[in-house]
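Heads up: the structure comes next, in structure tokens.
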Amino acid sequence: MPSYDYTTVNVFTDQRFRGNPLAVIPDAGGLTDAQMQSIAAEFNLSETAFVLPPEDPRHHARVRIFTRTSEMPFAGHPNVGTGYVLASMAGDPPQHYTFEEIAGLVRVHILRDAAGAISGARVAAPRSLTIDIGIPVEVVAACASLAGTDIATLCHTPLVGSVGTPFVIAEIASVEALSRATPDIAAFRKAVAQFPDMAARFALYLYAWVEGDERRIRARMFAPLGGTWEDPATGSAAAALAALLTSMAPGDNVALQYAIEQGVEMGRPSLIIASAVKTGEGPVSASIAGTCVPVMRGTLLV
Numbered sequence: 000m001p002s003y004d005y006t007t008v009n010v011f012t013d014q015r016f017r018g019n020p021l022a023v024i025p026d027a028g029g030l031t032d033a034q035m036q037s038i039a040a041e042f043n044l045s046e047t048a049f050v051l052p053p054e055d056p057r058h059h060a061r062v063r064i065f066t067r068t069s070e071m072p073f074a075g076h077p078n079v080g081t082g083y084v085l086a087s088m089a090g091d092p093p094q095h096y097t098f099e100e101i102a103g104l105v106r107v108h109i110l111r112d113a114a115g116a117i118s119g120a121r122v123a124a125p126r127s128l129t130i131d132i133g134i135p136v137e138v139v140a141a142c143a144s145l146a147g148t149d150i151a152t153l154c155h156t157p158l159v160g161s162v163g164t165p166f167v168i169a170e171i172a173s174v175e176a177l178s179r180a181t182p183d184i185a186a187f188r189k190a191v192a193q194f195p196d197m198a199a200r201f202a203l204y205l206y207a208w209v210e211g212d213e214r215r216i217r218a219r220m221f222a223p224l225g226g227t228w229e230d231p232a233t234g235s236a237a238a239a240l241a242a243l244l245t246s247m248a249p250g251d252n253v254a255l256q257y258a259i260e261q262g263v264e265m266g267r268p269s270l271i272i273a274s275a276v277k278t279g280e281g282p283v284s285a286s287i288a289g290t291c292v293p294v295m296r297g298t299l300l301v
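Following this line, the structure appears as structure tokens:
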């Protein structure tokens, strides 16, 4: 019976049993697509990462990311966690990794603490910001069990944004209103019927500004139709949000950084450092960074 080693880590935290859990299979060669999907469902985490040999020898690995129900083109916390795991396993790890993923090449920079120990990673999103369709306020409010007045529209109306994976991004009027949000699965199903092009990925990313700090944000992410009722930390959405906010900032050459708290309402507080850069040429690029804590090691029997 084939067996595969695995490691789990908590991502975007420096404390065990907080942040976003991730399972990593560092040598997934020989697993079929169906087996990877079954293993991800068995772990029952937001995502599971499978590391394979790269198709191009100039790169370090091909990384495939699965939720409980489907494969992702790109995700933030699996890349931060996978970079951390591979670097921790290596005797002399490189400073940077390049991962091949569906969304493109993902550059991962390994972070170290003051003592020089590997502590986490910074991940550059594989694509620049794209903005797709707008989503009506009443649709977002219904999906989040909020009133229409809880949705803030002064800076932007709810929209679909992506730097590799699309999210419905909406600003909430206050942290208090954000804390009241809860997914309404019937409303999500109705939204998918209204926007069939998003049937495979209607993920709702809500954020509110923390009062008194112009660079600190509280966020929540709901994707119940994809098996994630709520996510403790969503790096790819945080990167898209940072890119969106930076795109709206005055000036042609702007670099901004945001501290994004997530998972607080779940009892799994996380901290994502999201950065974005825009230039006069137009494209807005983004990256996210965070620390990791190892939790479990074991063997899968397939």
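Mapping of the sequence shown onto numbering that gives the first Met the number 0: position 276 corresponds to residue 275, and the numbering continues sequentially without gaps.
All C-beta atoms, glycine included, are put in the ideal place defined by N, C-alpha and C.
Quick caveat, the model's predicted, so the values are computed rather than measured.
### Message
I'd like to confirm the pairing. Which residues does DSSP put opposite Leu-255 in its beta bridges?
### Response
In DSSP, Leu-255 forms a bridge with Ala-275.
### Query
So, are the CB atoms of Val-276 and Thr-245 less than 9 angstroms apart?
yes
### Query
According to the neighbour-count rule (16 or more other Cβ atoms, all chains shown, within 10 Å of its Cβ), is Asp-230 buried or exposed?
Around the C-beta of Asp-230, 16 or more other C-beta atoms lie within 10 Å, and the residue is accordingly described as buried.
### Residue span of the beta strand (DSSP E) that contains Phe-65, given as start and end
60-65
#### Entry: Bridge partners - Asp-4, DSSP secondary structure assignment
Thr-298
### Task
Determine the extent of the beta strand (DSSP E) in which Glu-99 is found, giving its start and end residues.
95-100
### Query
Based on the DSSP output, what are the partners of Glu-264 in its beta bridges?
BP columns for Glu-264 are empty, so no partner.
### Query
Residue ranges of each alpha helix (DSSP H) run of no fewer than 4 residues wholly in the stretch 131-176, ordered along the chain?
For the stretch 131-176, whole alpha helix (DSSP H) runs of length 4 or above, ordered along the chain, are 136-142.
### Query
When we look at the beta-carbon of Ser-2 and count the other beta-carbons within 10 Å, is it buried (16 or more) or exposed?
exposed
#### Entry: Runs of beta strand (DSSP E) wholly within the stretch 27-64 (minimum 3 residues, chain order)
Complete beta strand (DSSP E) runs here, min 3: 47-51.
#### Entry: N-terminal and C-terminal residue of the alpha helix (DSSP H) that Phe-187 is part of
184-193
### Message
Helix, strand or coil, according to DSSP, for Val-79 in the structure here?
### Response
helix
### Cβ-based neighbour list, Ile-134, same chain, cut-off 6 angstroms, excluding 5 preceding and 5 following
Pro-157, Val-167
### Query
With burial defined as no fewer than 16 other Cβ atoms inside 10 Å of the residue's Cβ, what is the status of Met-0: buried or exposed?
exposed
### Task
Identify every residue that forms a DSSP beta bridge with Pro-20.
Asn-9
### Task
Spatial neighbours of Ala-238 within its chain, please: CB distance less than 7 angstroms, with the 5 preceding and 5 following residues excluded, ordered by chain position.
Gly-75, Ala-124, Val-162, Ala-273, Ala-285, Ser-286, Ile-287
### Message
Beta-carbon within less than 7 angstroms of Leu-44's beta-carbon, same chain only, minus the 5 sequence neighbours each way: which residues are those?
### Response
Pro-20, Leu-21, Ala-22
### Query
Are the CB atoms of Val-293 and Ser-144 nearer to each other than 9 angstroms?
What sits at residue 293 in the sequence shown is Pro, not Val. Result no, Cβ atoms of Pro-293 and Ser-144 do not sit closer than 9 angstroms.
### Task
Express the C-alpha separation of Leu-240 and Ile-271 in angstroms, rounding to a whole number.
12 angstroms
#### Entry: Thr-245, DSSP secondary structure in three states
helix
### Query
Would the beta-carbon of Ala-40 fall within 9 angstroms of that of Thr-12?
In this structure, Ala-40 sits away from Thr-12, with a CB-CB distance that is not shorter than 9 angstroms.
#### Entry: Where Gln-261 falls, given that 16 or more other Cβ within 10 Å makes a residue buried
Buried.
### Query
Considering only residues of the same chain and omitting the five flanking positions on each side of Phe-42, which have a CB-CB separation below 7 angstroms?
Ala-22
### Query
In three-state terms, what does DSSP make of Gly-289?
strand
### Query
Is there contact between the stretch 210-221 and the stretch 55-74, where contact requires at least three CB pairs shorter than 8 angstroms?
no
### Query
In this structure, does DSSP put Arg-215 in helix, strand or coil?
Arg-215: strand per DSSP, three-state reduction.
### Task
May I have the straight-line CA-CA distance separating Ser-118 from Gly-82, to the nearest angstrom?
10 angstroms
### Task
Compare the beta carbon distance of Val-301 and Gln-36 with 9 angstroms and say whether it is the shorter of the two.
Contact check for Val-301 against Gln-36 fails: the beta carbons are separated by 9 angstroms or more.
### Message
Tell me the residue span of the beta strand (DSSP E) that contains Gly-225.
### Response
From DSSP, Gly-225 is part of no beta strand (DSSP E); its letter is neither H nor E.
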